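Chains as they are written, first to last, in the working numbering: chain A, 1 to 377; chain B, 1 to 377. Reading through the structure tokens given below for one structure.
Protein chains: 2
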Amino acid sequence: MMPRSVLSRCAPCMLRPLEVPFRYLFGPGPSNVPPRILAAGGRPIIGHMHSEMFGIMNDIKKGIQYAFQTSNNMTLAMSGSGHTAMECAVFNIVEPGESVLVAINGIWGERVAEIAERMGAKVHTLFKTPGGHFTNAEIEQALAKYKPVLFFLTHGESSAGLVHPMDGVGDICHKYNCLLLVDSVASLGAAPLLMDQQNIDILYTGSQKALNAPPGTAPVSFSERACHKMFNRKTKPVSYLLDMTHLSNYWGNDGKPERIYHHTGPVSGFFALRESLAILAEMGLENSWSHHTEIAEYLWKGLEDLGLKLFIKDKDLRLPSVTTIAIPEGYDWKELLAYIMKHHRIEFTGGLGPSVGMVSKSLSRRHDNAAFNYMAV
Amino acid sequence: MMPRSVLSRCAPCMLRPLEVPFRYLFGPGPSNVPPRILAAGGRPIIGHMHSEMFGIMNDIKKGIQYAFQTSNNMTLAMSGSGHTAMECAVFNIVEPGESVLVAINGIWGERVAEIAERMGAKVHTLFKTPGGHFTNAEIEQALAKYKPVLFFLTHGESSAGLVHPMDGVGDICHKYNCLLLVDSVASLGAAPLLMDQQNIDILYTGSQKALNAPPGTAPVSFSERACHKMFNRKTKPVSYLLDMTHLSNYWGNDGKPERIYHHTGPVSGFFALRESLAILAEMGLENSWSHHTEIAEYLWKGLEDLGLKLFIKDKDLRLPSVTTIAIPEGYDWKELLAYIMKHHRIEFTGGLGPSVGMVSKSLSRRHDNAAFNYMAV
């Protein structure tokens, strides 16, 4: 052993107790976590390869199938945030040199385009300024032109507060032999989305938004069509950690009798995710959707009564979980948000990526304290 | 909204409460998590970009600097398990076409070789059967031959129960203008390791072993030499999620005044990691090392008194945190482990990768129940 004298000491900050202030998390996420989910995440852990853990993972799979409204066998949770699911989908579906079409109307499309470029895809983009959406005709035209193997669309564009129309998009993609990848991180559980009926091939979300679990896990599901593409590749996906061949075995989705150690999943995070999916199952998806809509409409009315303007004009295109307010002229959004945080412990946030300086965001969620949920910026 | 009739129902398993049995986790990891760390991880969360969260991340950085015995500014925790840190290190340090040397004497070297191959590196290997280790002369010969930009070595090879000698390895690497990457997932906090003194360029560990936190976060640190290489690349790392340019900003390590949203870190996981590093700081690294050694020696004696043979003959090469027992002839290791789990709720495990069928593992940890810790397979 090394002599004591050679060791450097720890900085004194680590001898102070952990301090965590209470916050009303009304930004676009993470959300406040209800005590029941916190308690589940704080339970003594078991091994990541114990049979009871596999049982819990099977439950999670069923919970995701319900939340996504899919019967896909290839349904699981990523050991990471929504970005992990985003990279996993692109890395597994696309091979270097293949063509990808990305709809960019906010930050999430920008991210997917960046991820696809890095792994060597030919990236084509459809572009709208924040708040804009794409018509099926625009999408079809681009699919015909670029012949991509994958089309990415954000269902809940939280950076603009937009919920994107999904009807018909999957059918158009399949007409052009293209897979449809949808990001529902900000919308899942808050706005209606039916993976199988809407012909979505790959769908992912995050644990920390309408599901109200801590960040760190990300439900994802792949259609049979998507599985056919990703399990018949010529090249291995660039990431070993995100290789669906291994992840599908870890989640018992590959039909093999034995599960082989791949990585150590976030056991506590899976406990919390299971609890959040159980709450959604108990409440029912329709009730969760209608609850979000009711609260959002109440919030919108209150904001407009105060003379504020909502960033998304068309009610049907407003994301029920994240409301965006156009920043009134002459006001500094950073000052407003800092004031609300300092005096009311409430988090609202500014725009993200292309919408910075354009909007301020407030999240209406099912476990919120209503008294605060309806406050305006 | 979709009509209720079109929705499929949730499987009934999700309407049952979460059930988690109690286990003595004496396998190679994850470890049992002490109540103090569970409580930290179960606290109400705050936003991943709140200033108090950045304060907690700064504390974590100090805690890792102490645990690693480094003054590296580029010290942080990954949002993922040890494998995430492994991929992060390879993806950021190595560019496609560059030469990498991997020491394989168990499963971890195999994994790094696989990761490096996938991202397009020229991979060379040094090989020993499980339990074997590499002399500095062997390492130097290979460095001279292959001229790699990176050499990977496992400090705590948990699949064999070996702690690898580290003295001089860093100096040899630097003589050949090569960076030294070390995996200390199974050894950090249990066996002496001094990142700066031993000239290690990139060091990572996991939260769920001797640190006793739940899995899902992974401390990692980069020397200035490693930073120089990774921040002067010609190509972008293949993963956006693991790009150190973004992660160093998220952790406040890049000297820039503003932190820009990259991904949502596992807030609860960071609370738990901070608590586990605080416990290590309070206890002192030397005490943690000597405690592990004392318990391991007691365990080794007890096992040998029972007539069992330890897999690593040389005491100095035995990993204090993971003891490997040579499976006695005529016994089925799977049956033995199943019996112990069923009747005593104790987890021991078999070998991993190349050591499957050769060893059975038991972890001696600082928070273990001593009465169980000393039981033999």
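Ideal Cβ placement from N, Cα and C applies to all residues, glycine included. Predicted, not measured: the structure shown is a model, and the values here were computed from it.
Taking 8 Å as the threshold, the shortest C-beta distance from B:V182 to chain A does not fall below it.
In terms of CA proximity to A:A113, A:V123 leads the group A:M230, A:G302, A:V123. Remark: fewer than three beta-carbon pairs, one from each stretch, lie closer than 8 Å, so the region 304-315 of chain B and the region 78-92 of chain B are not flagged as touching.
Using a CB distance cut-off of 8 Å, A:T75 does not count as an interface residue toward chain B. Residue pairing from DSSP places A:I104 in a beta bridge opposite A:F127. Under the 10 Å beta carbon count, B:M283 is surrounded by fewer than 16 other beta carbons and is classified as exposed. Within the DSSP bridge table, the entry for A:V359 names A:A326 as partners. Within the region 270-302 of chain B, contact with chain A at the beta-carbon level (separation under 9 Å) is assigned to F271, A272, R274, E275, L277, A278, L280, A281, E282, G284, L285, E286, W289, S290, T293. Counted as a single uninterrupted DSSP element, the beta strand (DSSP E) harbouring B:S221 occupies residues 218-222. Taking 9 Å as the cut-off between beta carbons, the residues of the region 79-98 of chain A near chain B are S79, G80, S81, G82, H83, T84, M86, E87, F91, in sequence order. Pairing A:L143 with A:L241, the inter-Cα distance amounts to about 31 Å. Contact check for B:R345 against B:Y24 passes: the beta carbons are separated by less than 8 Å.
Here A:G156 is bridged, per DSSP, to A:V163. Proximity of B:I46 to chain A, defined by a Cβ-Cβ separation below 8 Å, is satisfied. Looking at the DSSP output, A:A77 bridges to A:P219.
In the DSSP assignment, no residue is bridged to B:F231. Of the candidates A:I46, A:H174, A:F151, A:H133, the residue whose Cα lies closest to the Cα of A:G161 is A:H133. Along the region 128-154 of chain B, none of the residues has a CB nearer than 8 Å to a CB of chain A.
Membership of A:D183 in the beta strand (DSSP E) is indicated by the continuous run 179-183. Under the three-pair Cβ rule at 8 Å, the region 29-47 of chain A does not count as touching the region 241-255 of chain A.
Your pair B:A190 and B:S207 does not check out as a contact, with CB atoms roughly 14 Å apart and the cut at 8 Å. Separation of the CB atoms of B:M86 and B:F270 is rounded to 20 Å, and the pair is thereby denied contact status at 8 Å.
In the structure shown, A:E347 falls within a strand segment according to DSSP collapsed to helix, strand and coil. Where A:L203 is concerned, the enclosing beta strand (DSSP E) starts and stops at 202-204.
Taking all protein chains shown into account, A:A137 has fewer than 16 neighbouring C-beta atoms within 10 Å of its C-beta and is therefore exposed.
Taking 8 Å as the cut-off, the Cβ atoms of A:T323 and A:M195 do not count as close. A:G170 is positioned such that its CB atom lies no closer than 8 Å to that of A:L181. Looking at the DSSP output, B:R318 sits in a beta bridge with B:L162. For the pair A:V6 and A:V94, the CB atoms are not nearer than the 8 Å cut-off. When A:P328, A:P214, A:N72, A:E258 are compared, the shortest CA-CA separation from A:Q197 is found for A:N72.
A Cβ of chain B is located within less than 8 Å of the beta carbon of A:S239. Within chain A, no residue has its CB atom less than 8 Å from the CB of B:T205, the nearest being about 12 Å off. Proximity to A:I104 across A:I139, A:M74, A:L153 peaks at A:L153, based on C-alpha coordinates. In this structure, the beta-carbon distance from B:M14 to A:G252 does not fall below 8 Å. Considering only beta carbons, the part of the region 224-257 of chain A lying closer than 8 Å to chain B consists of K236, P237, V238, S239, Y240, L241, in chain order. With respect to A:E224, A:I172 sits apart: the two C-beta atoms are not nearer than 8 Å.
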